[in-house]
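Numbering (my numbering), first residue to last: 556 to 757. Notes for the one structure printed next.
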Amino acid sequence: MITTPGKPLHLSCIPRGEAYALKVNISKNEIGIIYRVTAVLYVHGWNIEEAIAETSMDGYIQDIFIVKRIDGAPMTDEHLNAIHADLHELFYGGMSVMNYLANHPEKMESLRAKVEISPEIFLFNSEISDSTVMDLRMEDRPGILFEISQILFLFGVDILSFKAVTDSGQVRDTFLLRLESGSKLDEKLHFHRLKEALNAVL
556 MITTPGKPLH
566 LSCIPRGEAY
576 ALKVNISKNE
586 IGIIYRVTAV
596 LYVHGWNIEE
606 AIAETSMDGY
616 IQDIFIVKRI
626 DGAPMTDEHL
636 NAIHADLHEL
646 FYGGMSVMNY
656 LANHPEKMES
666 LRAKVEISPE
676 IFLFNSEISD
686 STVMDLRMED
696 RPGILFEISQ
706 ILFLFGVDIL
716 SFKAVTDSGQ
726 VRDTFLLRLE
736 SGSKLDEKLH
746 FHRLKEALNA
756 VL
């Protein structure tokens, strides 16, 4: 496990079949956590095959990412240290995600070179829940979770939890969302605008 003295950021990783379970623990509950983590994993060449992110009632964050290197290489201490260093810079060093990505122009070019196939996006509110469910299905490629979390961050939408599963080149992401105000998204005000924004980048 890698920890940061005086800073609540803990990183650990264990093998899981041909992939790795990467656990990111941080007690700093604020909007944009997943946005920053997915940006770092994308830059370091880790494809997220499955992910579960949870926020406890007391604000403790625990994200588990099932990741595999795009080039098939194993997770090493050097990889883990590099991921931790970049996360620390984004959480505590004052570095914004856009400035971080500007240091990796090849990754920005890769995002622009995506296949133009529109995703299927479903948003719905349940009467018995105070959050919004978003279900998204599309062809898999590197950077998807980063782009989704970026749009949600820009819309002021907090990701309470999400699960991403990839099968036969197709990805299905299910998100539990809530506005910064604590309420679920408004169907008339937010649904159409959010779908338009996601379709523009995915």
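Beta carbons are placed, not taken as given, at the ideal position from N, Cα and C, and that holds for glycine.
Item	Value
Completely contained beta strand (DSSP E) runs for the stretch 624–689, where each covers 3 or more residues	675–680
Proximity winner among 598, 733, 621, relative to residue 569 (alpha-carbon distances)	621
Sub-9 Å separation of residue 677 and residue 591 beta-carbons	no
Environment of residue 720 [buried if 16+ CB atoms lie within 10 Å]	exposed
Unbroken beta strand (DSSP E) run spanning residue 732, endpoints	725–734
At least 3 beta-carbon pairs within less than 8 Å: the stretch 731–741 vs the stretch 636–651	no
Distance CB(residue 734)-CB(residue 689) smaller than 9 Å	no
Ranges of the beta strand (DSSP E) found wholly within the stretch 564–588, counting only runs of at least 3	574–581
Contact check, residue 652 vs residue 695, beta carbons under 9 Å	no
Cut-off 6 Å between Cβ atoms - residues of its own chain near residue 598, not counting five sequence neighbours on either side	659, 662
Opposing strand residues paired with residue 706 [DSSP bridges]	Answer by DSSP bridge pairing: none, since residue 706 is not bridged.
Given residue 704 as reference, the closest of 608, 565, 633 once Cα atoms are compared	608
Inter-residue Cα distance where the pair is residue 708 and residue 714	9 Å
Short CB-CB distance (under 9 Å) between residue 672 and chain D	This model lacks chain D altogether; it includes just one protein chain.
Backbone CA spacing between residue 672 and residue 756 [nearest angstrom]	11 Å
Proximal residues to residue 587 (C-beta, below 7 Å), its chain only, five neighbours per side dropped	708
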